[in-house]
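Quick note on the working numbering: the sequence shown kicks off at 1084 and runs consecutively.
For glycine and all other residues, C-beta sits at the position ideal for the given N, C-alpha and C.
What you are looking at is a predicted structure, and each value in this text was computed from that prediction instead of being measured.
First comes the structure, then the notes that go with it.
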Amino acid sequence: MINLFINRIFRAIKIDIELFEEVEKDKKATFQAGVVVVLSSLAAGVGSIHLGASNFLIAPVLSLLSWYIWAYIIYFVGVKLFGDNKTKSDHGELLRTIGFSSAPGLIRVFGVTPELMTVTFVGSAFWMLACMVVAIKSALDYDSLWKAFGVVLVSWLVQAFFLFLIIVIFKGF
1084 MINLFINRIF RAIKIDIELF EEVEKDKKAT FQAGVVVVLS SLAAGVGSIH LGASNFLIAP
1144 VLSLLSWYIW AYIIYFVGVK LFGDNKTKSD HGELLRTIGF SSAPGLIRVF GVTPELMTVT
1204 FVGSAFWMLA CMVVAIKSAL DYDSLWKAFG VVLVSWLVQA FFLFLIIVIF KGF
(Lines of atoms letter the chains of each structure in order from A and count residues from 1; the text may use other names and numbers.)
(Lines give C-alpha, C1' and ligand atoms only; values in the text may rest on other atoms or scores of the structure.)
Protein backbone atom coordinates (compact mmCIF):
# COMPACT_ATOMS: atom_id res chain seq x y z
CA MET A 1 0.00 0.00 0.00
CA ILE A 2 2.79 2.44 0.92
CA ASN A 3 4.63 1.54 -2.29
CA LEU A 4 1.54 2.41 -4.33
CA PHE A 5 1.24 5.72 -2.50
CA ILE A 6 4.90 6.66 -3.01
CA ASN A 7 4.70 5.58 -6.64
CA ARG A 8 1.67 7.83 -7.12
CA ILE A 9 3.52 10.77 -5.61
CA PHE A 10 6.44 10.30 -8.00
CA ARG A 11 4.09 9.92 -10.95
CA ALA A 12 2.28 13.12 -9.95
CA ILE A 13 5.60 14.94 -9.72
CA LYS A 14 6.42 13.71 -13.24
CA ILE A 15 2.97 14.96 -14.38
CA ASP A 16 1.94 11.50 -15.51
CA ILE A 17 -1.46 11.98 -17.16
CA GLU A 18 -2.39 8.36 -16.49
CA LEU A 19 -1.92 8.90 -12.76
CA PHE A 20 -4.58 11.61 -12.70
CA GLU A 21 -6.97 9.33 -14.60
CA GLU A 22 -6.18 6.53 -12.13
CA VAL A 23 -6.79 8.53 -8.94
CA GLU A 24 -9.87 10.15 -10.44
CA LYS A 25 -11.48 6.71 -10.56
CA ASP A 26 -10.04 5.29 -7.32
CA LYS A 27 -12.32 6.40 -4.48
CA LYS A 28 -9.86 4.96 -1.96
CA ALA A 29 -7.26 7.51 -3.13
CA THR A 30 -9.06 10.45 -1.48
CA PHE A 31 -7.26 9.88 1.80
CA GLN A 32 -3.95 9.57 -0.05
CA ALA A 33 -4.64 12.85 -1.85
CA GLY A 34 -5.28 14.51 1.51
CA VAL A 35 -1.99 13.15 2.83
CA VAL A 36 -0.20 14.65 -0.21
CA VAL A 37 -1.80 18.04 0.56
CA VAL A 38 -0.69 17.83 4.20
CA LEU A 39 2.84 16.67 3.31
CA SER A 40 3.18 19.47 0.77
CA SER A 41 2.01 21.95 3.37
CA LEU A 42 4.40 20.57 5.98
CA ALA A 43 7.23 20.80 3.46
CA ALA A 44 6.35 24.47 2.99
CA GLY A 45 6.33 24.89 6.76
CA VAL A 46 9.78 23.34 7.10
CA GLY A 47 11.06 25.38 4.16
CA SER A 48 9.80 28.60 5.73
CA ILE A 49 10.49 27.77 9.37
CA HIS A 50 12.85 30.74 9.59
CA LEU A 51 9.73 32.93 9.22
CA GLY A 52 8.20 31.45 12.36
CA ALA A 53 6.80 28.20 13.71
CA SER A 54 3.19 29.30 13.18
CA ASN A 55 3.59 28.61 9.44
CA PHE A 56 4.43 25.03 10.28
CA LEU A 57 1.56 24.54 12.70
CA ILE A 58 -1.34 26.35 11.04
CA ALA A 59 -0.55 25.67 7.39
CA PRO A 60 -1.64 21.99 7.24
CA VAL A 61 -5.11 22.80 8.59
CA LEU A 62 -5.53 25.75 6.24
CA SER A 63 -4.23 23.67 3.33
CA LEU A 64 -6.81 20.94 3.92
CA LEU A 65 -9.60 23.50 4.17
CA SER A 66 -8.40 25.31 1.06
CA TRP A 67 -8.08 22.03 -0.87
CA TYR A 68 -11.65 21.09 0.03
CA ILE A 69 -13.09 24.48 -0.97
CA TRP A 70 -10.90 24.69 -4.07
CA ALA A 71 -12.40 21.42 -5.36
CA TYR A 72 -15.91 22.92 -5.07
CA ILE A 73 -14.87 26.09 -6.87
CA ILE A 74 -13.26 24.07 -9.67
CA TYR A 75 -16.41 21.94 -9.86
CA PHE A 76 -18.65 24.99 -10.19
CA VAL A 77 -16.45 26.74 -12.76
CA GLY A 78 -15.34 23.66 -14.69
CA VAL A 79 -18.57 21.66 -14.75
CA LYS A 80 -21.36 24.18 -14.35
CA LEU A 81 -19.94 27.22 -16.17
CA PHE A 82 -17.58 25.76 -18.76
CA GLY A 83 -18.66 22.12 -18.99
CA ASP A 84 -19.52 20.48 -22.27
CA ASN A 85 -21.26 17.23 -23.21
CA LYS A 86 -18.29 15.09 -22.13
CA THR A 87 -17.72 16.91 -18.83
CA LYS A 88 -18.70 14.72 -15.90
CA SER A 89 -17.13 14.97 -12.50
CA ASP A 90 -17.87 15.19 -8.82
CA HIS A 91 -16.27 16.70 -5.74
CA GLY A 92 -14.47 13.47 -4.85
CA GLU A 93 -12.81 13.12 -8.25
CA LEU A 94 -11.64 16.70 -8.04
CA LEU A 95 -10.36 16.24 -4.48
CA ARG A 96 -8.26 13.29 -5.59
CA THR A 97 -6.79 14.81 -8.74
CA ILE A 98 -6.20 18.24 -7.19
CA GLY A 99 -4.69 16.67 -4.08
CA PHE A 100 -2.10 14.78 -6.07
CA SER A 101 -1.31 17.89 -8.09
CA SER A 102 0.18 19.28 -4.84
CA ALA A 103 2.99 16.72 -4.94
CA PRO A 104 5.63 19.05 -6.46
CA GLY A 105 5.18 21.23 -3.36
CA LEU A 106 7.25 18.66 -1.49
CA ILE A 107 10.42 20.35 -2.81
CA ARG A 108 9.61 23.35 -0.63
CA VAL A 109 11.20 21.45 2.24
CA PHE A 110 14.53 22.58 0.77
CA GLY A 111 13.73 26.29 1.18
CA VAL A 112 15.58 26.53 4.48
CA THR A 113 17.29 29.82 3.66
CA PRO A 114 15.60 32.93 2.23
CA GLU A 115 17.37 32.45 -1.12
CA LEU A 116 16.48 28.77 -1.38
CA MET A 117 12.96 29.49 -0.18
CA THR A 118 12.36 31.88 -3.07
CA VAL A 119 13.61 29.41 -5.66
CA THR A 120 11.82 26.36 -4.26
CA PHE A 121 8.54 28.14 -3.55
CA VAL A 122 8.32 29.90 -6.93
CA GLY A 123 9.49 26.81 -8.80
CA SER A 124 7.06 24.53 -7.02
CA ALA A 125 4.20 26.99 -7.60
CA PHE A 126 4.64 26.80 -11.38
CA TRP A 127 5.18 23.04 -11.22
CA MET A 128 2.00 22.58 -9.17
CA LEU A 129 0.14 24.82 -11.64
CA ALA A 130 1.20 22.53 -14.49
CA CYS A 131 0.07 19.49 -12.48
CA MET A 132 -3.22 21.20 -11.64
CA VAL A 133 -3.97 21.92 -15.30
CA VAL A 134 -3.31 18.29 -16.26
CA ALA A 135 -5.37 17.09 -13.26
CA ILE A 136 -8.32 19.31 -14.22
CA LYS A 137 -8.10 18.24 -17.86
CA SER A 138 -8.28 14.64 -16.66
CA ALA A 139 -10.99 15.06 -14.04
CA LEU A 140 -13.28 17.14 -16.25
CA ASP A 141 -12.63 15.10 -19.41
CA TYR A 142 -11.56 18.15 -21.40
CA ASP A 143 -9.87 17.83 -24.78
CA SER A 144 -7.81 20.98 -24.32
CA LEU A 145 -5.14 21.88 -21.80
CA TRP A 146 -5.95 25.53 -22.54
CA LYS A 147 -9.53 25.06 -21.40
CA ALA A 148 -8.28 23.38 -18.22
CA PHE A 149 -5.85 26.26 -17.71
CA GLY A 150 -8.73 28.71 -18.17
CA VAL A 151 -10.80 26.90 -15.54
CA VAL A 152 -7.88 26.97 -13.10
CA LEU A 153 -7.34 30.68 -13.78
CA VAL A 154 -11.03 31.65 -13.44
CA SER A 155 -11.33 29.51 -10.30
CA TRP A 156 -8.27 31.16 -8.81
CA LEU A 157 -9.78 34.60 -9.53
CA VAL A 158 -13.05 33.55 -7.85
CA GLN A 159 -11.15 32.26 -4.82
CA ALA A 160 -9.03 35.43 -4.67
CA PHE A 161 -12.15 37.61 -4.85
CA PHE A 162 -13.79 35.80 -1.93
CA LEU A 163 -10.56 35.88 0.07
CA PHE A 164 -10.37 39.64 -0.55
CA LEU A 165 -13.97 40.03 0.64
CA ILE A 166 -13.25 38.06 3.80
CA ILE A 167 -10.18 40.18 4.52
CA VAL A 168 -12.14 43.41 3.99
CA ILE A 169 -15.08 42.25 6.12
CA PHE A 170 -12.95 41.04 9.01
CA LYS A 171 -10.35 43.81 8.88
CA GLY A 172 -12.30 45.81 11.45
CA PHE A 173 -12.47 42.94 13.97
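Bounding residues of the alpha helix (DSSP H) (the contiguous stretch that carries residue i)
i: T1201; result: P1197 to A1222
i: H1174; result: H1174 to F1183
i: S1124; result: A1112 to G1130
i: S1238; result: L1228 to F1253
i: I1100; result: I1100 to K1108
i: R1094; result: I1085 to I1096
Option in the options with minimal Cα separation from residue i
i: I1096; options: D1226, P1187 and I1250; result: P1187
i: V1120; options: L1164, V1162 and S1185; result: S1185
i: V1235; options: I1132, I1092, T1113 and A1154; result: A1154
i: L1178; options: V1118, V1205 and S1131; result: V1118
i: I1190; options: M1211, L1147, L1148 and I1157; result: M1211
i: L1228; options: R1094, N1090 and I1098; result: I1098
i: A1126; options: S1146, K1110 and K1111; result: S1146
i: I1100; options: G1206, Q1242, I1249 and A1213; result: A1213
i: S1124; options: Q1242, A1243, W1239 and S1207; result: S1207
i: K1110; options: V1205, F1093, E1176 and Q1242; result: E1176
Residue i versus residue j: straight-line alpha-carbon distance, rounded
i: M1215; j: F1253; result: 30 Å
i: V1144; j: L1122; result: 11 Å
i: F1247; j: V1237; result: 15 Å
i: I1181; j: A1231; result: 12 Å
i: Y1151; j: V1192; result: 23 Å
i: G1258; j: V1160; result: There is no way to answer for residue 1258, as the model of the chain reaches only from 1084 to 1256.
i: F1209; j: L1199; result: 16 Å
i: A1116; j: V1251; result: 32 Å
i: A1142; j: E1107; result: 25 Å
i: L1164; j: K1220; result: 15 Å
i: N1086; j: F1114; result: 15 Å
i: S1131; j: T1203; result: 10 Å
i: F1245; j: S1149; result: 12 Å
i: P1197; j: L1134; result: 9 Å
i: N1090; j: A1243; result: 33 Å
i: N1168; j: F1088; result: 33 Å
6 Å Cβ shell around residue i - same chain, five flanking residues per side excluded
i: Y1225; result: A1231
i: F1183; result: A1095, V1106, A1116 and V1119
Residues near residue i by beta carbon distance below 7 Å, same chain, minus five either side
i: V1162; result: T1170, S1172 and L1223
i: M1084; result: none
i: H1174; result: A1154, Y1155 and Y1158
i: A1045; result: In this structure the chain extends from 1084 to 1256, so residue 1045 is not present and cannot be described.
i: G1241; result: Here the sequence assigns Val to residue 1241, which means Gly is not the residue at that position. The residues are I1156 and V1160.
i: I1092; result: V1119 and A1186
Same chain only: Cβ atoms within 8 Å of residue i, ignoring 5 sequence neighbours per side
i: G1233; result: F1165
i: T1201; result: G1194
i: V1217; result: I1098, I1100, F1103, S1184, L1228 and A1231
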